[in-house]
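Novice: Quick one: structure below, then a few questions.
Listed below in structure tokens is the structure:
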């Protein structure tokens with residue numbers, strides 16, 4: 040499956056596609072352990088939290104999903120929600136924020152963070 044982000048084609052593996060679908064179907068941020076429980080039998084390795092987490096991290100690095108830390112867990116969600124959470128945590132607004140820091144915190148590429156910030160501007 041291909042996802043277009045800012046004119047860039049991103050190719051996902053079948054396992055990444057399954058994980059992405061699970062996260063987006065949740066309609067709320069979700070931790071890796073919960074994602075692992077919801078995987079189908081197609082990818083047995085994804086039932087292990089470590090493999091699910093590795094796949095989630097890969098999706099974040101491609102900008103398909105984002106993450107944020109709450110308590111001691113990383114929650115995975117849409118790129119936009121991850122940026123909103125980072126802004127909230129940092130006490131920043133879309134027009135006055137630190138995109139490089141947000142990119143580090145969300146695990147997403149800078150261009151995706153900038154795109155999401157632009158969407159959040161009034």
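Numbering (our numbering), first residue to last: 40 to 161. Note that the Cβ used here is the ideal one computed from N, Cα and C, for glycine as well.
#1: Do residue 92 and residue 59 have their CB atoms nearer than 9 Å?
#2: Taking all protein chains shown into account, do 16 or more other C-beta atoms lie within 10 angstroms of the C-beta of residue 149, making it buried, or fewer, making it exposed?
#3: With H, G and I counted as helix, E and B as strand and the rest as coil, what does DSSP make of residue 131?
#4: What does residue 105 pair with, by DSSP beta-bridge criteria?
#5: Just the C-alpha distance for residue 71 and residue 154, rounded to the nearest angstrom, thanks.
#6: Going by Cα to Cα distance, which pick from 117, 103, 108 and 61 is closest to residue 85?
#7: Could you check what DSSP says for residue 60 in three-state terms: helix, strand or coil?
#8: Please state the DSSP three-state secondary structure of residue 52.
#9: Could you check the C-alpha separation between residue 134 and residue 144 for me, to the nearest Å?
Specialist: Inspection of the coordinates gives the following:
#1: Against a cut-off of 9 Å, the Cβ pair of residue 59 and residue 92 comes out as no contact.
#2: Result: exposed.
#3: Coil, per DSSP.
#4: When DSSP reads this structure, residue 105 sits in a beta bridge with 116.
#5: Residue 71 and residue 154: Cα-Cα distance of roughly 25 Å.
#6: Of the listed residues, the one whose Cα sits closest to residue 85 is 61.
#7: Helix at residue 60.
#8: Residue state, collapsed to three classes: coil.
#9: Cα to Cα, the separation comes out at about 18 Å.
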